[in-house]
Each structure stands twice: as C-alpha cells, then as structure tokens.
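Protein chains: 2
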Amino acid sequence: MHITAETAVPAFTGTVPPAVILAAGEGHRLNGVNGGSPKPLTPILGLTLLERAILSCKEVGVLEFYVVIGYHADIMIHYLHVLEQRLSVMIQPVKNPDWREGNGSSALSAAPYISRPFFLLMCDHLFDPTILQLLLTAGKNTTDCLLAVDRHHGRVFELEDATKVQLNGNDITGIGKEKASFDAIDTGLFLCQPSLFGALEVAKSRGQHSLSAGLVELIRSREFRAVTIGERFWFDIDTPKSLSRAKRTMLQSLSKPVEDGFVSRYLNRPVSRRISEILIRTPISPNGISLLSFAVAIVGAVTFCLGGHAWTILAGLVIQLSSIVDGCDGEVARLRFQSSKFGGWFDTILDRYADTSIVAGVSFGYWLAHPHAAVWLGAIFALTGFIMASYVKKEFVIRYQSKPPSGLFGKLIKRDLRIFAIMLGAIVNLPYEIMLLVGLLSHVGIGWVLLKGHRQMR
Amino acid sequence: MHITAETAVPAFTGTVPPAVILAAGEGHRLNGVNGGSPKPLTPILGLTLLERAILSCKEVGVLEFYVVIGYHADIMIHYLHVLEQRLSVMIQPVKNPDWREGNGSSALSAAPYISRPFFLLMCDHLFDPTILQLLLTAGKNTTDCLLAVDRHHGRVFELEDATKVQLNGNDITGIGKEKASFDAIDTGLFLCQPSLFGALEVAKSRGQHSLSAGLVELIRSREFRAVTIGERFWFDIDTPKSLSRAKRTMLQSLSKPVEDGFVSRYLNRPVSRRISEILIRTPISPNGISLLSFAVAIVGAVTFCLGGHAWTILAGLVIQLSSIVDGCDGEVARLRFQSSKFGGWFDTILDRYADTSIVAGVSFGYWLAHPHAAVWLGAIFALTGFIMASYVKKEFVIRYQSKPPSGLFGKLIKRDLRIFAIMLGAIVNLPYEIMLLVGLLSHVGIGWVLLKGHRQMR
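Protein chains in written order, with our numbering: chain Y, 1386 to 1843; chain B, 1386 to 1843.
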C-alpha cells in the first residue's frame, strides 16, 4: 500500500488524531533500574515511561492509542489493559512478532489500524507535551509528515546515539545516526500521514527495517518536514544516566518563573522538589498535599501560641515548612498530569486560611506577654493586609481581564516572602513585630497595585 | 437627491456611525420645570436631555454628532460648544431656520453632512442605550432604514401623542400618530441610510414637512424595517408628568436584580436611590461616594468602640447607613454615564476594608466588657469569613472563567445581609454574637461554594 500526497487523507483538521506508540523494545541497558521489566515499564517520578507517553498525548486531547509491543508481549498486554482502565483512554495492543528486526517493522505493524493522520512516538522518549501541540498546529496546513526536531544539539545527551536531521529550511533532506554534518536532532515525535506506511513498505522490500529507512523514502517523495521545538525539553531514555538526567530536568521545569516570588525560587522550590520526588511515590493526591500543608501551618500556629523563644523558633520553622510543602501540590499534580482548576482554587483558599491561623497564633503568643487590645487590632491590621494583597489582584483580573500590575512591590507582597519574614522574625524572637511590618508593607503594596492598575488601564 | 437601495452606502460594517440629533423644538409644555430654557436643556437626574442623548450614543461608540437646532439657536450653539469640550466628542451644530415647519425639515437640514449610515434620534427621548446596540447589530445585515419599536404599547405614557407603527413581520407598513389599529410604537430611535433624505425631499415637494411623511415614502420603496426593543425602557418627554415618570423608571432601573441580595433589593436600594437623586446634583464623583461610604463605616466602627447600648444602637444604624450609601456610587456613576472598571475595583476593595473596621469596632466594644483573648480570636474568625466569602467567588471566576455557584447560600453570605444582621444585633445589644454567627455562616457558605463549584465544573 503506497499512498502518495495526492491521495493522502487530508491533514488534521479538527478531531485530535490517534497515537501510535512504539513500545516493543527490551531496553536491556535500563535493567539495573527497572528490575528487568520491559523498558516501557521503567518508572520515572511515579509513572512509567509508557504511562507518561500516553498522558502527554492525552494533554492535547488524544484518546485513541495503538501501542506496538514485542518483548514480553504477555506482560505488556496485561499492563496495557490496566492502563486503559486507569487513564480512561482506548488502548489497542499491536503485537509485532518481528520487533527485533527494527522499529520500522514495529511502526508498520500498526498500518492496518490507521487510515488518517496520527502521532507517532517512541515510548522511551520523555518530552514537554506542548511539543505535540506544535505538531498539531503545524499539521493544519500540510499533508506532509512532520517531525519535531531540536536545533540545540549542544544540549542533547548521548549525542552519538541520537538520530541526526539535515534540513533545507523546514524541509528534511537527510536523516540517520551516522551523519557527520547535521542541522538538528530527531526528537522521536511525529505527526504522520498514512503515507508513512507505504514508505516503510518500500524500505522493507529493500530489506531495510528501521524507521529511518522509511523516512528516507519520505524524503525522496518530498513529504517530510521539520517542526522546531525551541527550548522545550525532550529526552531519549536509554541508560540509567539519561534517566536520572531527565528526572532532574523534569523536576527543575516545575518552577513557575513568572508566578514564583524570590523565596519560592531560591529556597522553597529547591526543597519542595525533593519533597515532591518522595510524595510522588505515595498515593497522596495533590489536594491531599494542599491539606497537608494547611495542617502543618495549623501546627505552626498552635506552636506560636505556646509562647517562649524556643517554641517560637520551632513555630517559625514549621510555618516555613508548610510554605515549602505548599509548593508540592502543584508539583506533584504536574508530574502526574493531575493538574486541575479545582486544585488551584482549593489551594488558594486554604492558603488564606493558613495565613489566618498563623496571624492568630503569632498574635496569641505575643499577647501572652503583652495583654493589650492593641495587640489584636494589630493582628487584624496585618491579616487584612495579607488577604487583601491577594484579593486586590484577583479583583483586578476579573475587572480588566488582564494580568495585574507586577513589579518589585508585586513580588514583595507575595506569600512566600511573608512567611519567610515571619520565620526570620521568630528566630530573633520578633515574629509579631515582623508580622506587623509585613502587614504594613502589604497595605502599601495594595495601594500601589490600585494606583498602578488605575494608571495602566486608563 | 434620491438614493435608492441599489446605490445606498452599504450598511454599518465596523466603524460606528455618526448621530443626528433633532433638538430644534421649543418644548413649551416643559417651561414650568426648566425655567423657560429650550427643551434640550431640560435637566433630569443631573444631566440635560441633550447630554443624555449624546452620552447614550457615546456608550455604543458614537463620537460624531450633528445636532439640529432652531429655537434659541444662539443659546444652543453656546451650549453645544460647552458639551463638545466636556464630553470629548465632535458636535456640529446644524441650524434649521425652518424648524417650525416640522421635524422632517430639521432632519433634512443635516443632509449636507451625511453620506453614510447614521443614527437619528430626538433629543427629548430618553432610552436604554442598549437599544442603539440592537440597531447596530441589526444594521449589519441590511441596507434598509431601521426603527426601534416598542411592542408593549400598554406601558406607553401619553399614548395619544405617540407615533404608531403598523407591521408585517419586521417590515413597517404604516406609520403616523392617527392610526386606529397598530402593532407597535415608534421610540424615535433610528439607524438610517442617507436614502432617508431623498424620501424627505419627496415629502417636502408635496408640502409635507414631518418626519413621518418622509418615512411614509420609505415605506413605499420598502426600505424601512422595525427592530423590537423588548423590555428596554424609553420615554418621550413632553410634559412635566412624563419627565417625572421617566425619572422614576430610570431610578428603578438602577437595581441589579442578579447581584443584589435581599436587603439590597428591599431596603438599601429604595433608600439609596433617594440619596443618589440628591448626590447627583452635587459635584461629588462616584469614587468620592465610595470613600464617603467608607468614612461612614469608620465612624460606625469607632462608635462601636465606645461601648454601652445607646452607642451600640447608633453604631449599628451608622454602619447600615454606610451600606446604603455604598450603593450610591454605582447608581450615580450609571446615571451620569461615569461607570468605570476602576470604580468597581476601588469600591470592592474599600468594602473589604470597611468590613475590617466594623469587625474591629464591634470586637473592641465587646472586649471592653469581656476582656478575653477569645474575643479577638472570634473577631479574626468572623473577619476571615467575611473577606473569604467574597474571595472564594473571585477565585472561582478566574479559574473557571464562569459565574460562581449561586443559590440561597450564595445570597446569605453577601455584604448587604451581613451588615444588616450586625445592625439588628446592635439594636438588641448583641452585635458581637451576631457577628460571630454571620462569620460562621460565611465559613459554611465558603465550604458550600467550594463543594458546589467542584461538582458544577467536574
């Protein structure tokens, strides 16, 4: 079956294409870290490689999967059935008895199931799911096969093993592992036309069974183009070293450069990433982690109530821990593809309640030594500042449908810094005074947001 | 100049059309209420009739005005110059020496200035500006002249004076004051093609100088269609009676049926409307009124601090007054066409600060008689409930881009009811206890919003 560009099914026009995932290999180089199971079952940050591949596709709307298996097909079929139930997607196992011949043979075995554009990916490649979105967008205007390529080959690990790509503009002019000169690296992520199968048949008839050999046929018929991934991450996982390198990069990608304040970026995130790495191996849900962080804050607040410098220091450290754990819910959610609007909403509300208990605790501790009503008026002053610092921005977003004013002041009234300052205050036995100061700063910040927002939007 | 449908300028396609306003008449029946000035200068709720006509057009983007004047042209030219500066619009006075002949003659005198679709309105008609939007939308698909008509003629005041319209579907088949049977009433709001001028010329050549006579010509050439205004309000102001009736309806239209809670609707609005009616005659800005309401709340809060039942009752009444005045900023802004996103934002933030001072005041008053730390923990509990009841909804709107869950509970945690309950509590000398209760209710409401939002959006 050879389908030319003329007879090809039109490129993706609306419904999301299915995905073919090549998961037939043995991956013996990873046996040390996956206990000898087939490579697709290798765990990384709480999910197997295959699970990550499927969930990454699901992020862009793919619900139909054809997973080509070979090595330990029995184990794989059972596992695919489990995944199908757990991830609420359709998974069709595709057995390829000739999987040892090459990955072209594996891709070809999916041909009977596919008659429209489809994603093609390797189960041992980890990647930023937005790359699939890039392919989808590019696929709207072409009937060519598309390959996501990385032009920064300096950052590619184990370059000698990588498949190199030669380009003329976005047209792919050469592909293979042994190219001395090349322009980019094959990321293993494709948006293909069924014409690929024809190309693979041609290569097969010449005794060539690799995917690259089929792609060379596509190059001959000028139906093969590249889509550049920019700075997005991707990894080909072949060795324990590449696995741990991918893990590190994925954890680092959890920071939110725009939203995170100073303390988040330089103190909380580095620690919370390590905690998330542990939490992801437990069954705790992201919302459960939000509740955990809230519970830790309550413990801190109660500890403040005990008075005395030693308890105060401990309380300060506990609320800082709570602030750190507060980052883990989102991190675990993103690592597990479990991010939800409700999760973000719930977390934000709990944060405000946590702040309330911390203010009450700090003030109670101070009141024990200074039993004046003014202590509590100060508490109310600070608390309003803390909650309103967030409120004023939310209200701005709703009214103007635009990002709230940002700048140094915007960062100064963020929660990470507030908790950190009170923690430092606790260590020098001035938590209440520092809380008042941060409260004052928050009110000034609120005024600044109002003024700046007014000017910006006039 | 007779322009047929074939040669007519295409209907409105993007840029907002200019407006021709007929303001040539004397309006002697209103002399009792406007001190003998020309009718367009008759004041209603702080603005003159002409100012309202221009600002209503400006609401839908009109910036170019041709105002036809006749009676006391010198006074009118001066006034138009003042308006042009104040309202930042272009106003071209169009003198019609023959204004006494009829309003068709006045409309015709704008012909030299107009070569594209235009709004035509009578300066003595008050109306809901969204009617102009209806005309604009309908005008996108036609090159006919459009007239906004009211099908509920039961509600039309001084029906004998009204211009009646006969319809066949949306086609206008007859128009005039003396129609015994009719389907709708002419609201005096048109989106016209320049072909109207041709029709008016034809009528003039027959010695007919009324607008209706020109419109009859349009009916003959089948270029005249109706747009139904539904429940939107409009008034033809001819007599002091119709003026005061229009005033009443405009004030009543200030309620926000969806947003207003129970207390707002049945207590606050009826009073705030009366206060707004006074405030609109002063130079105070809507933001100034927000600050005034805030200041009144502070006075109430401080009065609570004095302790004693008499002061507490007074304090309760003062905060209720503040809650009432809190409705006036929006009312005055809408009546003066001064609504702004910043105004809404600023008011919402001040409301939260007002709540904070009220909680502090009530708690301080209670603490004077019951000097325990628990009083203040209760204050913090209530305050968090009050602020978060609003916060939880804002955050929902941002996350889900959708209206927050509503229902009985949603109404129960609104500010109007909260302040009213504390006021009642003050009267029976239990303001603190009621505040705690309302705080508890708010926390329950927050939980309800979270739960309902979660279910709704799953």
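Think of the CB as a built atom: it goes at the ideal place given N, C-alpha and C, for glycine as much as any other residue.
key: For residue 1499 (chain B) and residue 1579 (chain B), believed in contact at Cβ under 8 Å, the rounded distance   = Locating residue 1579 (chain B) in the second sequence gives position 194, counting from the first residue. Locating residue 1499 (chain B) in the second sequence gives position 114, counting from the first residue. So it is a contact: roughly 6 Å between Cβ atoms.
message = When you compare the CB of residue 1401 (chain Y) with every CB in chain B, is at least one pair closer than 8 Å?
response = Position 16 of the first sequence holds residue 1401 (chain Y). For residue 1401 (chain Y), no CB of chain B lies under 8 Å from its own CB, so it is not counted at the interface with that chain.
key: Counterpart residues of residue 1559 (chain B) in DSSP-defined beta bridges   = Sequence index remark: in the second sequence, residue 1559 (chain B) carries index 174 (1-based). Residue 1559 (chain B) has B:1551 as its beta-bridge partners, per DSSP.
request  = Under 7 Å Cβ to Cβ from residue 1682 (chain Y), same chain only, skipping five residues before and after it: list those, please.
outcome  = Working through the first sequence from its first residue, we reach residue 1682 (chain Y) at position 297. Same-chain partners within the cutoff: 1704, 1707, 1739, 1742 and 1743.
message = Considering only the alpha carbon of each residue, which of B:1447, B:1480, B:1432 and B:1444 lies closest to residue 1461 (chain B)?
response = As a working note, residue 1461 (chain B) is residue 76 in the second sequence. Nearest option by C-alpha distance: B:1480.
query = Does the Cβ of residue 1509 (chain B) have 16 or more other Cβ atoms within 10 Å, making it buried, or fewer, making it exposed?
reply = On the second sequence, residue 1509 (chain B) is found 124 positions in, with the first residue counted as 1. Its Cβ being crowded by 16 or more others within 10 Å, residue 1509 (chain B) is buried.
Beta strand (DSSP E) segment containing residue 1531 (chain Y), residue limits = As a working note, residue 1531 (chain Y) is residue 146 in the first sequence. Looking at the DSSP string, the run of the beta strand (DSSP E) that includes residue 1531 (chain Y) is 1530–1535.
key: Residue span of the beta strand (DSSP E) that contains residue 1477 (chain Y), given as start and end   = Here residue 1477 (chain Y) is taken as the residue at index 92 of the first sequence, counted from 1. Looking at the DSSP string, the run of the beta strand (DSSP E) that includes residue 1477 (chain Y) is 1475–1480.
inquiry  = Do residue 1439 (chain B) and residue 1478 (chain B) have their beta-carbon atoms positioned less than 8 Å apart in this structure?
reply    = Counting from one through the second sequence, the residue named residue 1478 (chain B) turns up at place 93. Counting from one through the second sequence, the residue named residue 1439 (chain B) turns up at place 54. Against a cut-off of 8 Å, the Cβ pair of residue 1439 (chain B) and residue 1478 (chain B) comes out as no contact.
query = In this structure, does DSSP put residue 1429 (chain Y) in helix, strand or coil?
reply = Working through the first sequence from its first residue, we reach residue 1429 (chain Y) at position 44. In this structure, residue 1429 (chain Y) counts as strand in the three-state DSSP scheme.
task = Taking only beta-carbon positions, decide if residue 1761 (chain Y) is within less than 8 Å of chain B.
result = Indexing the first sequence from 1 puts residue 1761 (chain Y) at position 376. Yes, its Cβ sits closer than 8 Å to a Cβ of chain B.
ask   = Can you find a C-beta in chain B that's less than 8 Å from the C-beta of residue 1779 (chain Y)?
value = For the purposes of this step, residue 1779 (chain Y) is taken as the residue at position 394 of the first sequence. At least one chain B Cβ lies under 8 Å of residue 1779 (chain Y).
key: Burial state of residue 1562 (chain Y) (16 or more Cβ within 10 Å)   = The residue labelled residue 1562 (chain Y) in the question sits at position 177 within the first sequence. Exposed is the call here.
query = At what residues does the beta strand (DSSP E) containing residue 1690 (chain B) begin and finish?
reply = For the purposes of this step, residue 1690 (chain B) is taken as the residue at position 305 of the second sequence. Per DSSP, residue 1690 (chain B) belongs to no beta strand (DSSP E); it is in the alpha helix (DSSP H), 1671–1690.
query = Does the count of Cβ pairs from the segment 1655–1664 of chain B and the segment 1625–1642 of chain B closer than 8 Å reach three?
reply = yes
ask   = Nearest-angstrom Cα distance between residue 1511 (chain B) and residue 1434 (chain B)?
value = Residue 1511 (chain B) sits at position 126 when you count from the first residue of the second sequence. Residue 1434 (chain B) sits at position 49 when you count from the first residue of the second sequence. Rounded to the nearest angstrom, the gap between the Cα atoms of residue 1511 (chain B) and residue 1434 (chain B) is 7 Å.
task = Please compile the residues from chain Y whose C-beta is within a distance smaller than 7 Å of the C-beta of residue 1752 (chain B).
result = Position 367 of the second sequence, counted from the start, is the residue given in the question as residue 1752 (chain B). Those are 1758, listed as they occur along chain Y.
task = Measure the C-alpha to C-alpha separation of residue 1496 (chain Y) and residue 1520 (chain Y) and round it to an integer number of angstroms.
result = Within the first sequence, numbered from 1, the residue matching residue 1496 (chain Y) stands at position 111. Within the first sequence, numbered from 1, the residue matching residue 1520 (chain Y) stands at position 135. Straight-line Cα distance between these residues: approximately 21 Å.
inquiry  = For residue 1573 (chain B) and residue 1590 (chain B), what's the separation of their Cα atoms in angstroms?
reply    = For the purposes of this step, residue 1573 (chain B) is taken as the residue at position 188 of the second sequence. For the purposes of this step, residue 1590 (chain B) is taken as the residue at position 205 of the second sequence. Those two C-alpha atoms are separated by around 24 Å.
ask   = For residue 1447 (chain Y), which of helix, strand or coil comes out of DSSP?
value = Taking the first sequence and counting its residues from 1, one reaches residue 1447 (chain Y) at position 62. Here residue 1447 (chain Y) sits in coil by DSSP.
ask   = Based on the DSSP output, what are the partners of residue 1404 (chain Y) in its beta bridges?
value = Here the question's residue 1404 (chain Y) lines up with position 19 in the first sequence. Residue 1404 (chain Y) pairs with Y:1450 and Y:1504.
ask   = Can residue 1803 (chain Y) and residue 1777 (chain Y) be called in contact, C-beta distance under 8 Å?
value = For the purposes of this step, residue 1803 (chain Y) is identified with residue 418 of the first sequence, where counting begins at 1. For the purposes of this step, residue 1777 (chain Y) is identified with residue 392 of the first sequence, where counting begins at 1. Not a contact, by the Cβ cut-off of 8 Å.
query = Taking the Cβ atom as the reference point for each residue, do residue 1596 (chain Y) and residue 1492 (chain Y) lie within a distance shorter than 8 Å?
reply = Taking the first sequence and counting its residues from 1, one reaches residue 1596 (chain Y) at position 211. Taking the first sequence and counting its residues from 1, one reaches residue 1492 (chain Y) at position 107. Between residue 1596 (chain Y) and residue 1492 (chain Y), the gap from beta carbon to beta carbon is short of 8 Å.
key: 7 Å Cβ shell around residue 1395 (chain Y) - same chain, five flanking residues per side excluded   = To locate residue 1395 (chain Y), count along the first sequence from 1; it is residue 10. With a pLDDT of only 38 at residue 1395 (chain Y), under the threshold of 50, the placement of this residue in the model should not be trusted, and no figure is reported.
inquiry  = Can you confirm whether residue 1773 (chain Y), when its beta carbon is compared against all beta carbons of chain B, has any partner nearer than 8 Å?
reply    = Along the first sequence, one-based indexing puts residue 1773 (chain Y) at 388. Yes, residue 1773 (chain Y) counts as interfacial toward chain B.
query = Between residue 1601 (chain B) and chain Y, is there a C-beta pair that is closer than 8 Å?
reply = By 1-based counting over the second sequence, the position of residue 1601 (chain B) is 216. By this cut-off, residue 1601 (chain B) is not an interface position.
message = Less than 8 Å between the beta carbons of residue 1772 (chain Y) and residue 1737 (chain Y), yes or no?
response = Residue numbering aside, residue 1772 (chain Y) sits at position 387 when the first sequence is read from its first letter. Residue numbering aside, residue 1737 (chain Y) sits at position 352 when the first sequence is read from its first letter. Cβ distance < 8 Å, so residue 1772 (chain Y) and residue 1737 (chain Y) count as in contact.
ask   = Is residue 1564 (chain B) buried or exposed, if buried means 16 or more other CB atoms sit within 10 Å of its CB?
value = As a first step, residue 1564 (chain B) is located in the second sequence; it is residue number 179 there, counting from the start. Exposed.
query = If you draw a straight line from the C-alpha of residue 1601 (chain Y) to the C-alpha of residue 1717 (chain Y), how long is it?
reply = As a position in the first sequence, residue 1601 (chain Y) is number 216, starting the count at 1. As a position in the first sequence, residue 1717 (chain Y) is number 332, starting the count at 1. Each residue's alpha carbon lies about 41 Å from the other.
task = Indicate the three-state DSSP secondary structure (helix, strand or coil) for residue 1667 (chain B) in the structure shown.
result = Residue numbering aside, residue 1667 (chain B) sits at position 282 when the second sequence is read from its first letter. Of the three classes helix, strand and coil, the one that applies to residue 1667 (chain B) here is coil, per DSSP.
key: 7 Å Cβ cut-off: residues of chain B touching residue 1737 (chain Y)   = Numbered from 1 along the first sequence, position 352 holds the residue referred to as residue 1737 (chain Y). Neighbours of residue 1737 (chain Y) on chain B, chain order: 1773 and 1776.
query = If residue 1548 (chain B) and residue 1560 (chain B) are in contact, beta carbons under 8 Å, what's the gap, nearest whole angstrom?
reply = Residue mapping note: residue 1548 (chain B) aligns to position 163 of the second sequence, counting from 1. Residue mapping note: residue 1560 (chain B) aligns to position 175 of the second sequence, counting from 1. The pair is a contact, with the Cβ atoms about 6 Å apart (cut-off 8 Å).
query = For residue 1690 (chain Y), which residues of its own chain have a beta-carbon under 7 Å away from its beta-carbon, when the five flanking residues on both sides are left out?
reply = As a position in the first sequence, residue 1690 (chain Y) is number 305, starting the count at 1. The residues are 1746, 1749 and 1750.
query = For residue 1723 (chain B), which of B:1755, B:1417, B:1774 and B:1671 has the nearest alpha-carbon?
reply = The residue you call residue 1723 (chain B) lines up with position 338 of the second sequence. Considering only alpha carbons, the answer is B:1671.
query = Does residue 1726 (chain Y) get closer than 8 Å to chain B when you measure Cβ to Cβ?
reply = For the purposes of this step, residue 1726 (chain Y) is taken as residue 341 along the first sequence, with counting starting at 1. Yes, its Cβ sits closer than 8 Å to a Cβ of chain B.
key: Residue from Y:1831, Y:1701, Y:1721 and Y:1815 whose Cα sits closest to the Cα of residue 1805 (chain Y)   = Position 420 of the first sequence, counting from 1, holds the residue named residue 1805 (chain Y). With distances taken between Cα atoms, residue 1805 (chain Y) lies closest to Y:1701.
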